[in-house]
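S.K.: Residue numbers (the working numbering), protein chains in the order written: chain B, 112 to 1039; chain D, 331 to 634. Each residue gets a CB set at the ideal place from its N, CA and C atoms; glycine is no exception. So that we are looking at the same thing, I have put the structure below in structure tokens.
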């Protein structure tokens, strides 16, 4: 063909382009990486490899089988050997390529050159960046003490290397997102069972010991009823097996009931959706418990709700019952009705009394069943402890705890990991401080700003209260160092984004930019991550961490029986990123070189010769569970002994049974063993694992209806005479002995003190999780093209923007223009009932402003739908106002998308764990 | 815009810059108002056309998971079904997909898994999931319908193709011969299920960064042709569609969407084999097909 002509075929192709207004196109001068044809041919010929690893696109951490073509990750599938996801991946899991190869990744270490928040950086070498951090840490430690430094390992759970280093450095403050996640939700299982997460028995397959001694996979579902309250496993996939498990169990005959103000995707597959008023889960659960207690009749098979066998493995029920019943005769000032009665609950929850009675009856009579409560429904309300405690009690007294088809506390059944690698042993080192002119000695962990400060019972740290401490400093109130004052001077944030997720955004910005003289009050802020999120804009030093396909660590999962898998090196590290292990070693060496007295070569550079050594140490305690329950996992070994080692060695009898330590010790699980076994180790299932103490982790090794877990905090208060401020706020002087009740805040329907806001601020705001696009993953193009529930929706305007990319010196305009046509890119929106929208003369797509009684505001576009109860607005947590260019296209819509944490009341932290009230928000709505 | 483009020097296999410029000028002339044109169309040379010998490749290994005590592993079962079907002559296979709508969670994992498997460009999804919400609060329902190509027995797309680039294989798969396709898009209009898309030549790096990302430069395994997608060459400018991942299935692997399905809602196999899972599912009373009245006879069934 003449090169100056265009063939008919080409012509038609060109015509096609005119119709291609699909998404957005760019103009401007760009450079391209070209692929030599020889290289292309080599790529085509190279045989693909499959590498097994663990996801971190979301906290579900599914087991993955990643296809690698010639060193490039080319497709992400589920690991079929992993029972968590059984070979499946969701949209987010499958789209990891665009996260790992994202053009907005942090490519090099950078040091800030502008003011904090300006986003002006310069590229530096690793030596320079690490040297800067080490110099600052050394100076802070010298001047203020190591306790002035916080290591916040953020949202991603493979934190062990960082914790080890900073515990060794001398600070007790190593935390992670758990503290701003859903701590009240975990509370009941924690104080009553020593656990954390009660989930339905729907992980399939289960590896079960057979009568003939063999191990086989059971794929059948025994559950008859699952109630999910404020829990949306289909989109908040912390527990991936609950997705397929719920629909499979339903087809196998289980009834599924979802209690949620919005029609979640989970609700859309349920037999019944109960659109409860936000923040009243405790009220519903309390009414269910009262109904079951009052209506139970052991002689009537249709009213035999309670399975009294629970008394064999519990203690303190009578105290709990007495405390619970003590409310029955009291009148609620809100409605003048008796607490926990059906009518009382109906008034408060906006669910009819009949429906509550039916729900309670259905739960009481249907066995096996599981009552599950979630992050949004309970974790994000001021009084979220209450549904967590009552829900735990309901599962126990109805005989559903750890029975086939019932409710399993997966914190108690998962494999142990970490062990000494996390460096917790450093916390018991003795340190000395001068307090009020007197030298005092105590253990390092007694310097903790929460446990020995204002939040003694907040065992997951109070990240939501960090801004206040950044600004005001810390005064210890409890323990040997009572009266010790210190400022917070160093904040190391790794894979977290506290500016957007750690309580009120403005408070965080204020705390990180507050000055003392010419310097910032918090003298050192370090940001370690793969994408550049908002918090990174406030950092002095940015370190590029290798993505999850480029580093090694272990899965952090909640299965029904112990299993663990490896996060492995799938591809080479991109750009100049380094793994957490490498960063630990570099910083350790830099501190050692500067003469740090606490960080020792023997604990770091000399201890681990390669990355595998570190993770082998972390695996040494796996699975660490007792040989308990029916069928006993290993009938050939003594009951109740702790199981250690590979499934293979335990099966083959290559073990040492230690009667003194009560251990069955097989060959240790190692990185090498996992790699030879599809990346995963699976140990057998059993039920009734509470028998003989078993998996329970309470002090009494029984289910505790009296809250002995609080004893140690009361002891601290006894010794110091200082009552924590949050307890005083409740009118308490000690932690309660058993059942307790208090109202949430910012709810005019349940707390009389807030009733006055009902008319002026008529909407309750709740947050939802847009699974497809939480936080950093909003930069993934594929996820921007799809929608999720009614929260993540293509309501973008038609815009032409100047492209900004994270380059070697931070975010920078590329000179290209991007056009993003209307309706082609999903953004966080404000989900509103259509009748509310009609009343306010609002249409889908209208920009509105939400304002709280304390004057905080955010903006977003209305999505007027039928899928949420009137009077309630739902916005996606982390789904808007995203002002870091590292977010890709999401960034261009920062002014039309709502940031829920602009609304969060920074002064309302829930009283026991200090969790921000992400779902306790009242607003008025104004069209913009 | 055009001048910007013209300034960019490109040396692409078999083409001069002059030809390139002409191409772009024609293109610019055809542009509708308001649409910005990619600055440079295509920077990645495609691999030399690879002859497609068909070596007797070993079939994929079926995961060696523990034997079932009760129930079954659907992946193992379907892979066994698949590998049994592959032993039969191709014309005796009838590849069929069954989607249990009661189990589809709307996660859209299938959509993305398909995109990554087939290296699809921006704007093309072979298997979108359609969400339908109906009713008035509180009586509301939301349903999800994954929509692959129906691989019709009477495919309306095949008859309208002027160059016979789209055709029905003996095993029932409706395929596209990219080298034959002239991109007229009659088939796209003809398909009653909107299951066909036009490859307009966009790349992800047009939308962010301007620099080709590694995964974009990988060859697509479609039709076992190992094509690296480049501007000006097939499949750019062609009609594209779901093909049940025949490059996978003929190697004994399940289609990307089936393997990935988070709700285990999608099944695949040979309907002509009575022992296959899909054949057994089709015997259920709740099996339906989309737009049955058109007489297209889809090979995709839904359980509702």
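#1: By the 10 Å Cβ neighbour count, where 16 or more other Cβ atoms means buried, how is residue 236/B classified, buried or exposed?
#2: Tell me which same chain residues have a C-beta within less than 6 Å of the C-beta of residue 571/B, skipping the five on either side of it?
#3: Please identify the residue among 338/B, 450/B, 602/B whose C-alpha is closest to the C-alpha of residue 478/B.
#4: Taking any Cβ of chain D, which residues in the segment 318 to 335 of chain B have a Cβ under 7 Å from it, in chain order?
#5: Drop a sphere of 10 angstroms on the beta-carbon of residue 493/D, count the other beta-carbons inside from all chains shown, and report buried for 16 or more, exposed for fewer.
#6: Scan the segment 538 to 589 of chain B and note each continuous beta strand (DSSP E) run of 3 residues or more that stays entirely inside, going in chain order.
#7: Quick one: give me the first and last residue of the beta strand (DSSP E) that residue 481/D is part of.
#8: Does the distance from the C-beta atom of residue 644/B to that of residue 921/B stay below 8 Å?
#9: Thinking C-alpha only, which one of 347/B, 397/B, 764/B, 807/B is nearest residue 168/B?
#10: Using beta carbons (cut-off 8 Å, strictly below), is residue 400/D in contact with chain B?
#11: Hey, quick one: how far does the beta strand (DSSP E) through residue 760/B stretch, first residue to last?
#12: Could you tell me which of 459/B, 404/B, 1005/B, 988/B sits nearest to residue 1028/B, measuring between CA atoms?
#13: Could you give the DSSP three-state label for residue 512/B: helix, strand or coil?
#14: Give the straight-line distance between the Cα atoms of residue 364/D and residue 518/D, rounded to the nearest whole angstrom.
#15: Below 8 Å between beta carbons: does that hold for residue 837/B and residue 1022/B?
#16: Can you tell me which of the three DSSP states residue 525/D falls into?
#17: When we look at the beta-carbon of residue 224/B and count the other beta-carbons within 10 Å, is it buried (16 or more) or exposed?
#18: Between 613/D, 580/D, 576/D, 586/D, which lies nearest to residue 481/D when the distance is taken from Cα to Cα?
#19: Could I get the ranges of all uninterrupted alpha helix (DSSP H) runs contained in the segment 380 to 461 of chain D, with 4 residues as the minimum, in chain order?
#20: Could you work out which residue in 547/B, 577/B, 777/B is closest to residue 596/B when comparing CA atoms only?
#21: In the structure shown, what three-state DSSP assignment does residue 587/D receive?
#22: Using the rule of at least 16 other Cβ atoms within 10 Å of the residue's Cβ for burial, across every protein chain shown, is residue 613/D buried or exposed?
#23: Would you mind reading off the limits of the alpha helix (DSSP H) that contains residue 722/B?
#24: In or out: residue 913/B buried (at least 16 other Cβ within 10 Å) or exposed?
#25: Is there a Cβ of chain B sitting closer than 8 Å to that of residue 470/D, yes or no?
#26: Using three-state DSSP, classify residue 347/D as helix, strand or coil.
#27: Any beta-carbon of chain B closer than 8 Å to the one on residue 393/D?
#28: Taking CB distances under 8 Å as the criterion, tell me whether residue 202/B reaches chain D.
#29: What is the C-beta distance between residue 443/D and residue 572/D, in whole angstroms, given that I count them as a contact (C-beta under 8 Å)?
#30: Say the cut is 7 Å; is the CB of residue 524/D nearer than that to a heavy atom of the ligand FAD?
#31: Would a C-beta distance cut-off of 8 Å place residue 207/B and residue 189/B closer than the cut-off?
#32: Quick check on residue 210/B: does DSSP put it in helix, strand or coil?
#33: Please classify residue 394/D: is it buried, with 16 or more other beta-carbons within 10 angstroms of its beta-carbon, or exposed?
#34: Do the segment 892 to 905 of chain B and the segment 493 to 511 of chain B touch if we need at least three Cβ pairs shorter than 8 Å?
#35: Give me the Cα-Cα distance between residue 370/B and residue 385/B, rounded to the nearest whole angstrom.
#36: I'd like to know if residue 379/D contacts chain B, where contact means its C-beta is closer than 8 Å to some C-beta of that chain.
M.R.: In this structure, then:
#1: exposed
#2: 289, 290, 294
#3: 338/B
#4: 318, 319, 321, 326, 327, 328, 329, 330, 331
#5: exposed
#6: 541 to 546, 549 to 554
#7: Counting along the chain, residue 481/D falls outside any beta strand (DSSP E), and DSSP gives it neither H nor E.
#8: no
#9: 347/B
#10: yes
#11: Taken as a continuous stretch (DSSP letters only), residue 760/B belongs to no beta strand (DSSP E), being part of the alpha helix (DSSP H) at 758 to 763.
#12: 988/B
#13: strand
#14: With a pLDDT of 29 at residue 364/D, under the threshold of 50, the predicted position of this residue should be treated as unreliable, and no value is reported.
#15: yes
#16: coil
#17: exposed
#18: 576/D
#19: 404 to 415, 439 to 448
#20: 547/B
#21: helix
#22: exposed
#23: 722 to 730
#24: exposed
#25: yes
#26: Low confidence applies here, because residue 347/D scores a pLDDT of 34, under 50, leaving its location unreliable and the question unanswered by this model.
#27: yes
#28: yes
#29: The Cβ separation is near 12 Å, so there is no contact.
#30: As far as ligands go, the structure on display features none, and thus does not contain the ligand FAD.
#31: no
#32: helix
#33: exposed
#34: no
#35: 5 Å
#36: With a pLDDT of 38 at residue 379/D, under the threshold of 50, the predicted position of this residue should be treated as unreliable, though the coordinate-derived value follows. Judged by the 8 Å Cβ criterion, residue 379/D is not in contact with chain B.
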